[in-house]
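J.: My questions will all concern the structure given below.
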Amino acid sequence: MSSSVSEICPRSILRYRPLDADAMPVVSAWKRPTRSSRTTKQRSPSLAARGGRSSFFSTRAPGSLATVVGLGMCLMLVLIVVGQWFIGWTQMTLDDWRYGRPRTFQADVYVGQEATRLPSHFLALNNHGQVEIIEFPGNDPSRARIFLGPHLYGANAELMPVTLRFLDSQHTHHPNMLVACGTTSALFLNRGGTFQLDKPNG
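To convert, take the position in the sequence shown, counting from 1, and add 4; that gives the working numbering.
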């Protein structure tokens with residue numbers, strides 16, 4: 005039998021069982037996994053992840069919060085500046101459409117100084133900060149007269165619109181003329197067929 009085996013395959017590939025007991029491989033006893041070990045193995049990654057996240061936020065949160073607050077304040081400041089500019093630009097554009105440049109206001113009113121049946125024509129003008137009112141009694145250009153109003157100061161004073169109001173509190177059909185330009189106003193009294201600036205006493 006041995007001769008037949010040797011003839012079939014060489015002896016170098018044959019394996020022999022060791023006779024020494026110490027040469028036997030040590031195989032650890034197999035233990036069946038329990039529920040506690042499974043739970044520990046399943047929960048440990050999540051706990052490690054939570055620990056990693058908490059440590060990340062604890063180390064990075066103060067700097068990140070300060071950055072967010074700083075960016076928010078910068079954004080708010082930019083929005084305020086842009087908002088103020090937009091409001092000013094919108095108001096300026098509306099004034100350009102309504103009053104033109106230079107700022108001009110017109111009105112046709114009966115003030116008791118008409119020699120014709122036509123109302124008097126008034127033209128209020130902001131001439132480089134100087135308020136001027138031109139009256140055409142009875143819409144007659146040959147009788148035109150000019151009244152000087154207040155002089156305006158400050159930034160963009162020449163772009164402030166001028167408006168006229170005629171007040172007849174006594175119902176005499178001779179209304180007084182109120183000139184308004186921003187926070188500045190002047191009252192012209194209707195006396196003696198013309199308008200006179202009402203100067204405060206003192």
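Glycine included, every Cβ here is placed at the ideal spot set by N, Cα and C. Bear in mind that the values here come from a model prediction, so they are computed numbers and not experimental data.
Please tell me whether Q134 and G104 are closer than 9 Å, where the distance is taken between their beta carbons.
T.: Not closer than 9 Å, so no.
J.: In angstroms with no decimal places, state the Cα-to-Cα distance between V72 and N130.
T.: Our two residues, V72 and N130, have alpha carbons roughly 49 Å apart in a direct line.
J.: Assuming P141 and Q110 are in contact, meaning their beta carbons sit under 8 Å apart, how far apart are those beta carbons, in whole angstroms?
T.: Wrong, their Cβ atoms sit about 15 Å apart, outside the cutoff.
J.: Which residue wins for smallest C-alpha separation from V113, given the options A184, H177, A190?
T.: H177
J.: Tell me whether N143 sits in a helix, a strand or coil according to DSSP, three-state version.
T.: helix
J.: If distances are taken between C-alpha atoms only, which option among R195, D100, R169 comes closest to A128?
T.: R169
J.: Look up E136 in the DSSP assignment and say whether it is helix, strand or coil.
T.: strand
J.: On a CA-only basis, which of L98, S173, P145 is nearest T120? Give me that one, please.
T.: P145
J.: Could you give the C-beta distance for V115 and P165, rounded to a whole number, given that I count them as a contact under 8 Å?
T.: No, V115 and P165 are not in contact; Cβ-Cβ is about 22 Å, not under 8 Å.
J.: Within the same chain, show all residues whose beta-carbon is closer than 8 Å to that of P106, passing over the 5 residues directly before and after it, in chain order.
T.: L129, N130, N131, H132, E162
J.: Mind checking C185: buried by the 16 CB within 10 Å criterion, or exposed?
T.: That one is buried.
J.: Since F151 and F90 should fall inside the 8 Å C-beta cutoff, what is the C-beta to C-beta distance between them, to a whole number of angstroms?
T.: 37 Å between Cβ atoms; not a contact.
J.: Excluding the 5 residues flanking L182 on each side, which residues of the same chain have their C-beta closer than 8 Å to its C-beta?
T.: L168, R169, F170, L171, S189, A190, L191, F192
J.: May I ask you to report which of helix, strand or coil DSSP gives D202?
T.: coil
J.: Does the Cβ-Cβ distance between I137 and A148 come in under 9 Å?
T.: no
J.: Under 9 Å between the Cβ atoms of N143 and S124?
T.: yes
J.: Whole angstroms is fine: what's the gap from Q95's alpha carbon to G76's?
T.: 28 Å
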